[in-house]
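Counting from 1 along the sequence shown, just add 8 to a position and that's the residue number in our numbering. Please read the structure below before turning to the comments.
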Amino acid sequence: MIGALRELIVPQCTVVTPNSLEARRLAASGVHEDEIELAECARRLLQLGCEYVLVTGTHEAGVEVVNTLYAGGAVVREDRWQRLPGSYRRRLPSRHGPAPSRPLFLGARGRRQEVKLRGLYAITPEAAESVALLAMLQDALEGGAALVQYRRKKRDVLEAKEVVRLARRHGVPVIVNDDIELALEVSADGAHLGREDGDLRAARARLAGRILGASCYDRLELAQAAVAAGADYVAFGSVFASPTKPGAARAAHSLFTKARNLGVPLAAIGGITLENAPRLISAGADLLAVISDLFEAPDISLRARQYGKLFT
């Protein structure tokens with residue numbers, strides 16, 4: 009059975025998600041499974057042909073549960089949780105040291121999972137042609153963008169697929185703006201809808217475990233209704249005068265304080281710059297959705313890093 013998994017199943021997978029016990033069994037080759045480091049297990053599984061290996065750490069020793077995502081022979085993301093008192097721990101030697109700690113996004117594909125959304129939310133610029141768009145997005149991803157929204161008025165399936173493929177290489181989720189069908193067609197990580205883009209409950213059912221975001225403009229009641237319908241995050245804006253949508257309603261920064269009890273990440277959008285962004289984070293914004301100040305910067309990668317530092 010293990011041989012069949014290694015030879016027939018793993019090479020066909022985009023993501024393999026073994027727990028630490030399973031990872032050692034799949035990777036073992038004449039070596040006792042307890043003696044293989046998890047990073048080495050992941051390396052061997054990646055060599056079989058899958059793109060990503062997510063090793064879950066519920067069976068490891070230690071006071072924390074550590075889930076680690078590997079790609080290209082390196083750690084892409086990592087997340088840690090305090091282990092519940094009395095929960096199962098596998099007794100392993102202490103040689104298994106922790107990998108560098110980074111936040112993890114896990115895109116569900118059939119069931120909903122916890123999603124950590126915090127940081128720079130890069131919204132693709134409408135005016136950029138495809139080659140330039142991908143180059144700019146590459147810079148933003150290298151700079152540490154936490155989330156990408158693909159926004160195009162004219163549907164472009166091939167371009168959307170390239171955006172998803174590029175972001176996946178960086179372990180960053182992609183949300184498609186206003187188009188559930190396109191999000192599903194290109195295997196994006198979710199969709200973002202405005203009030204004119206259809207029923208959120210129906211969207212939640214269509215998207216299954218993918219991320220659903222909702223524009224709530226300047227109205228707390230829209231955010232409450234969106235969360236009740238299954239939205240994973242809500243967005244308020246325009247929080248400042250926006251060059252992209254100069255006629256947009258202005259959202260009071262106090263909305264972020266009032267919306268904290270909704271229990272979902274809060275995104276701010278509209279006229280955000282590196283200079284005014286700290287006010288939004290102080291008000292309670294988890295995500296800063298930025299277009300112009302990011303993609304019109306002289307150094308996009310540097311600007312993305314500067315935004316990321318605001319959250320540390």
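All C-beta atoms, glycine included, are put in the ideal place defined by N, C-alpha and C.
Chain C beta carbons: is any one of them nearer than 7 Å to that of residue i?
i, result
"arginine 173", "Given the protein chain composition of this structure (a single chain), no chain C is represented."
Return helix, strand or coil for residue i, following the three-state DSSP convention.
i, result
"arginine 218", "coil"
"alanine 297", "strand"
"lysine 317", "helix"
"alanine 199", "strand"
"glutamate 204", "coil"
"methionine 9", "coil"
"leucine 149", "helix"
"alanine 305", "coil"
"glutamate 45", "coil"
"glutamate 15", "helix"
"leucine 56", "coil"
"leucine 125", "coil"
"valine 172", "helix"
"valine 139", "helix"
"alanine 36", "coil"
"arginine 98", "Unreliable placement is indicated for arginine 98, whose pLDDT of 39 sits below 50; no coordinate value is reported for it."
Measure the C-alpha to C-alpha separation of residue i and residue j and round it to an integer number of angstroms.
i, j, result
"proline 111", "threonine 25", "Low local confidence applies: a pLDDT of 31 at proline 111 is under 50, so the model's placement there is unreliable, and no value is given."
"serine 95", "valine 74", "Model confidence at serine 95 stands at a pLDDT of 45, short of 50, so the residue's coordinates are unreliable and nothing is read from them."
"asparagine 269", "arginine 52", "44 Å"
"aspartate 301", "glycine 11", "51 Å"
"arginine 98", "valine 23", "Because arginine 98 sits at a pLDDT of 39, beneath the cut-off of 50, its placement in the model cannot be relied upon, and the point is left open."
"valine 156", "threonine 320", "20 Å"
"alanine 2", "tyrosine 129", "Given that the chain is displayed from residue 9 to residue 320, the structure contains no residue 2 and the question cannot be resolved."
"valine 59", "glutamate 15", "Per the sequence presented here, residue 59 reads as glutamate, with valine not at that position. Going from the Cα of glutamate 59 to the Cα of glutamate 15 covers about 15 Å."
"cysteine 21", "leucine 310", "34 Å"
"alanine 233", "leucine 29", "42 Å"
"proline 251", "glycine 279", "7 Å"
"aspartate 207", "isoleucine 188", "11 Å"
"tyrosine 225", "leucine 13", "49 Å"
"asparagine 284", "alanine 293", "12 Å"
"phenylalanine 325", "arginine 33", "Because the chain is modelled from 9 through 320, residue 325 falls outside the range shown and cannot be assessed."
"aspartate 87", "leucine 77", "9 Å"
"isoleucine 17", "asparagine 27", "16 Å"
"alanine 1", "isoleucine 289", "The question about residue 1 has no answer, for the chain in this structure spans 9 to 320."
"alanine 231", "glycine 57", "42 Å"
"valine 235", "alanine 243", "11 Å"
"alanine 167", "glycine 65", "Checking the displayed sequence, the identity of residue 167 turns out to be glutamate instead of alanine. Each residue's alpha carbon lies about 36 Å from the other."
"proline 286", "leucine 318", "7 Å"
"isoleucine 299", "glycine 316", "15 Å"
"lysine 162", "alanine 199", "16 Å"
"glycine 152", "valine 63", "22 Å"
"serine 246", "methionine 144", "24 Å"
"proline 133", "alanine 297", "12 Å"
"alanine 257", "leucine 228", "13 Å"
"methionine 9", "histidine 261", "57 Å"
"alanine 267", "proline 19", "44 Å"
"glycine 127", "glutamine 55", "32 Å"
"glycine 217", "valine 272", "15 Å"
"alanine 312", "valine 61", "27 Å"
"proline 254", "isoleucine 131", "17 Å"
"leucine 3", "proline 306", "Any answer about residue 3 is impossible in this case: the structure gives the chain only from 9 up to 320."
What residues are listed by DSSP as bridge partners for residue i?
i, result
"glutamine 157", "Ile131, Ile183"
"histidine 67", "Looking at the DSSP assignment, histidine 67 forms no beta bridge with any residue, so it has no partner."
"glutamate 167", "Its beta-bridge partners do not exist; DSSP assigns none."
"leucine 77", "Leu62, Arg85"
"valine 24", "Val61"
"serine 223", "Ala243"
Just confirm the distance between the C-beta atoms of residue i and residue j, as a whole number of angstroms; I'd bet it's less than 8 Å.
i, j, result
"leucine 149", "histidine 178", "4 Å"
"asparagine 185", "arginine 159", "4 Å"
"alanine 222", "leucine 201", "6 Å"
"alanine 196", "valine 180", "That belief does not hold up - the Cβ atoms of alanine 196 and valine 180 are roughly 12 Å apart, past 8 Å."
"glutamate 193", "valine 171", "In fact, because the Cβ distance is near 13 Å, the residues do not count as touching under 8 Å."
"tyrosine 241", "alanine 291", "About 16 Å separates the two Cβ atoms, so there is no contact after all."
Closer than 6 Å to a non-hydrogen atom of the ligand FMN - does that hold for the CB of residue i?
i, result
"alanine 79", "This structure lacks the ligand FMN; in fact it carries no ligand of any kind."
Legend entry - beta strand (DSSP E) segments (min. 3 residues) lying fully within the stretch 226–291: 241–244, 274–277
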